[in-house]
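Protein chains in written order, with this note's numbering: chain D, 1249 to 1576; chain H, 1249 to 1576. In what follows, a structure is listed as structure tokens, so that the remarks can point back to it.
Protein chains: 2
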Amino acid sequence: MKASKSGEFALIDRIIAEINKVKPGEWNALVSGIGDDAALIRTRSRYQVATTDCLVEDVHFKKSFLDWNALGWKALAINLSDIAAMGGTPNYALVSLAIPLNTEVEDVLRLYRGMLEAARESGTIIAGGNISRASEIAVHTTVIGEVPARGKALLRSKAKKGDLIAVTGRLGAAAGGLRTLAGSLHAARIDAEALEKAFWYPQPRIDVGRILVKNGIRCGMDVSDGLVADLGHILEMSRAGARIEAARIPVHPSVAVLGFEGLDLALTGGEDYELLFTGKKEAIEKVAAEACCPITIIGEVTRGAGKLEVVGSDGKLIPVENGGWHHF
Amino acid sequence: MKASKSGEFALIDRIIAEINKVKPGEWNALVSGIGDDAALIRTRSRYQVATTDCLVEDVHFKKSFLDWNALGWKALAINLSDIAAMGGTPNYALVSLAIPLNTEVEDVLRLYRGMLEAARESGTIIAGGNISRASEIAVHTTVIGEVPARGKALLRSKAKKGDLIAVTGRLGAAAGGLRTLAGSLHAARIDAEALEKAFWYPQPRIDVGRILVKNGIRCGMDVSDGLVADLGHILEMSRAGARIEAARIPVHPSVAVLGFEGLDLALTGGEDYELLFTGKKEAIEKVAAEACCPITIIGEVTRGAGKLEVVGSDGKLIPVENGGWHHF
Chain D
1249 MKASKSGEFA LIDRIIAEIN KVKPGEWNAL VSGIGDDAAL IRTRSRYQVA TTDCLVEDVH
1309 FKKSFLDWNA LGWKALAINL SDIAAMGGTP NYALVSLAIP LNTEVEDVLR LYRGMLEAAR
1369 ESGTIIAGGN ISRASEIAVH TTVIGEVPAR GKALLRSKAK KGDLIAVTGR LGAAAGGLRT
1429 LAGSLHAARI DAEALEKAFW YPQPRIDVGR ILVKNGIRCG MDVSDGLVAD LGHILEMSRA
1489 GARIEAARIP VHPSVAVLGF EGLDLALTGG EDYELLFTGK KEAIEKVAAE ACCPITIIGE
1549 VTRGAGKLEV VGSDGKLIPV ENGGWHHF
Chain H
1249 MKASKSGEFA LIDRIIAEIN KVKPGEWNAL VSGIGDDAAL IRTRSRYQVA TTDCLVEDVH
1309 FKKSFLDWNA LGWKALAINL SDIAAMGGTP NYALVSLAIP LNTEVEDVLR LYRGMLEAAR
1369 ESGTIIAGGN ISRASEIAVH TTVIGEVPAR GKALLRSKAK KGDLIAVTGR LGAAAGGLRT
1429 LAGSLHAARI DAEALEKAFW YPQPRIDVGR ILVKNGIRCG MDVSDGLVAD LGHILEMSRA
1489 GARIEAARIP VHPSVAVLGF EGLDLALTGG EDYELLFTGK KEAIEKVAAE ACCPITIIGE
1549 VTRGAGKLEV VGSDGKLIPV ENGGWHHF
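Quick look at the structure:
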């Protein structure tokens, strides 16, 4: 049935029914959820971390390769990743959904099911939302989390000269997945599946974010625009420089097979939602021992304000100007 | 200059500059704002109220009568109204903006200026946001506020038989304004100005919301879908009925001149963002003495579950089925 035929309130009732299928976690934070003017939530900490991000048709995905369940997962996961990038714990999410009138109700429910999977895995409550018609699909999601204290957060401005630079997981797969879905990259079937999964189902590194803070790391962010662009944000806000080695970049195996193109995707592709952070060697080693994903040291923070050097395996600098994903 | 020519980061820098022009209030809640993965905020209370709402081109406004400053004001104000409708105090907002590439940078700044006016008047911090291109303009805004304690909130489910029903301010002007702007209602010039202002610049009743809670009122919401539809939400969630008198409805003078059409706008028009609440006569009288806007008793809560009767001045029932604003 189309959303237009179902009507707004009937559609909202079906969404609420999906949300109510998910059992609340141990921390019974939700005093009053969907159905009132605003959600009412009890928090543990007075220090909140809050972020919002959106996925818009024809900007972040094409209808030709849209997977509604995946869209729901990703819409929440990219916000959870921002909370992880602050070293925070997510508490609740608000979802503002815009859909064309001819959208199938079942597709909207698929979107919510995907989102609820990401919510359940991360202990996040879908506390409220809004639905409007629009000419294209857009999912605007806000996540509110918390950190235990003022100083217990990862900021972009805290990189210090001499810090090592490290990254979680493998890079380049999400951008490879987008290109595979859009038909501009032809990978072997097994790689294509891995790449498309990396594009649609990013894994927010919430546990690692907390491990970083626990071990005294104070500078971090997530890789959403691409490694080079995001490291640039850290350098700009920390008034520092960096030197990273191309040979150390943990290129995802499914794009590493592409050679230099794979390295380029890892450096500038974006949407990997891994954590990029800086800190002392000993702290990073402790993090690596605790984290359940690879932690790779890729370079170090230098004095040169804003200057980023990427050194190739031949010792020469690789030009990286204009790297990263721009929304315009 | 068009947004496409300015580029994403330059546009964000200009938006940040606008936001930084506004001095923070006494409560220095913002630890770290725009520029990091998430905003970091310190709150007073552990009980949060959180809401999200959007304004989308061709659904909530037409480009033909778009006023960017007003759009910014309204995008925030409608969310502030939801916080008011919980009896809460707004703390901070996150703004997810979607704009076509050919949008003028100056128009985006106008939008933010309008939003910042509403933020300043209500003591709300614009703590973060996101910007994306899209084929149509959409402003998705989230506001997080707080209430002092669990029971100190207005809920839709708390109406009790015998409660009187009251509403703040005057109704029908916002819907009259929309019709005037769209050209389907021709009002005298002086009325047209008042109506258009009511449509674009709703005044969130934050102070009244707090006065309600302070005086023991426990049931309230804001009038966004229209008086009949919204009272219907209260009745459904409170499993109660209501009987209201048409002659008591505080129809806005600029639509009251239209006779029955004015009453209809007040009953079903929506977007007035006044507060609708129920409580004991003595509590309402105390509220009326403290509030800086008119408080009008329009009827009472009855036993009949979900049943709403609107009694005309001739004593006969006025049919009100299918009243209110639907988004589909």
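Each residue gets a CB set at the ideal place from its N, CA and C atoms; glycine is no exception.
{"query": "According to DSSP, residues forming a beta bridge with D/K1250", "result": "D/E1352"}
{"query": "Proximity test, Cβ basis, 9 Å: D/T1372 and chain H", "result": "no"}
{"query": "Coil, strand or helix - H/I1267 by DSSP", "result": "helix"}
{"query": "Every unbroken alpha helix (DSSP H) within the segment 1254-1329 of chain D, with a cutoff of 4 residues, ordered by chain", "result": "1256-1269"}
{"query": "Cβ-based contacts, 9 Å cut-off: residues of the segment 1433-1454 of chain H near chain D", "result": "none"}
{"query": "Buried or exposed by the 16-neighbour rule on C-beta atoms within 10 Å, applied to D/C1302", "result": "buried"}
{"query": "Test: H/Y1340 CB closer than 9 Å to a CB of chain D", "result": "yes"}
{"query": "Straight-line Cα distance separating D/R1496 from D/T1428", "result": "25 Å"}
{"query": "H/G1255 CB to nearest heavy atom of the ligand FMN below 8 Å", "result": "No copy of the ligand FMN occurs in the structure displayed, which carries no ligand at all."}
{"query": "Beta-carbon gap between H/L1319 and H/V1343 smaller than 9 Å", "result": "no"}
{"query": "Proximal residues, the segment 1288-1301 of chain H versus chain D, C-beta separation under 7 Å", "result": "L1288, I1289, R1290, T1291, R1294, Y1295, Q1296, V1297, A1298, T1299, T1300 and D1301"}
{"query": "Coil, strand or helix - D/T1428 by DSSP", "result": "helix"}
{"query": "Nearest-angstrom Cα separation, counted from D/R1398 out to D/T1291", "result": "15 Å"}
{"query": "D/K1529 versus D/D1315: straight-line alpha-carbon distance, rounded", "result": "41 Å"}
{"query": "Nonlocal neighbours in the same chain, by C-beta distance under 6 Å from D/A1536, ignoring five residues either side", "result": "I1543"}
{"query": "9 Å Cβ cutoff, H/E1352 in contact with chain D", "result": "no"}
{"query": "Those residues which DSSP pairs with H/T1389 across a bridge", "result": "H/D1301 and H/V1343"}
{"query": "Cα-Cα separation between D/M1334 and D/D1470, rounded to whole angstroms", "result": "9 Å"}
{"query": "Three-pair Cβ contact test at 8 Å for the segment 1370-1377 of chain H versus the segment 1478-1495 of chain H", "result": "no"}
{"query": "H/S1486 in three-state terms, based on DSSP", "result": "helix"}
{"query": "Chain-ordered residues of the segment 1395-1408 of chain D with a beta carbon less than 9 Å from chain H", "result": "V1395, R1398, A1401, L1402, L1403, R1404 and S1405"}
{"query": "Alpha-carbon spacing of H/N1463 relative to H/K1400, whole angstroms", "result": "10 Å"}
{"query": "is_contact[D/I1392, chain H] using C-beta, thresh 9 Å", "result": "yes"}
{"query": "D/P1501, DSSP secondary structure in three states", "result": "helix"}
{"query": "Residue span of the alpha helix (DSSP H) that contains D/L1511, given as start and end", "result": "F1508 to T1516"}
{"query": "For D/I1492, the residue or residues it bridges with in DSSP", "result": "D/G1547 and D/V1558"}
{"query": "Supposed close pair D/L1412, D/C1467 - CB separation, criterion 8 Å", "result": "Rounded, the Cβ-Cβ distance is 11 Å, inconsistent with contact."}
{"query": "As assigned by DSSP and simplified to three states, the class of H/V1649", "result": "In the structure as shown, chain H starts at 1249 and stops at 1576, and residue 1649 of chain H therefore has no counterpart that could be examined."}
{"query": "Status (buried if at least 16 other CB within 10 Å, exposed otherwise) for D/A1553", "result": "exposed"}
{"query": "Contacting positions in the segment 1310-1336 of chain H - beta carbon closer than 9 Å to chain D", "result": "N1327, S1329, D1330, I1331, A1332, A1333, M1334 and G1336"}
{"query": "Contact set between H/N1268 and chain D, taken where Cβ atoms lie within less than 7 Å", "result": "The premise fails here: H/N1268 is roughly 15 Å from chain D at the closest Cβ pair, so nothing lies under 7 Å."}
{"query": "H/I1465 in three-state terms, based on DSSP", "result": "coil"}
{"query": "Chain H within 9 Å of D/N1378, Cβ atoms only", "result": "yes"}
{"query": "Exposure label - H/S1280; buried when at least 16 CB within 10 Å", "result": "buried"}
{"query": "D/R1381: first and last residue of the uninterrupted beta strand (DSSP E) it sits in", "result": "I1373 to R1381"}
{"query": "Check whether H/G1393 and H/T1337 have beta carbons under 9 Å apart", "result": "yes"}
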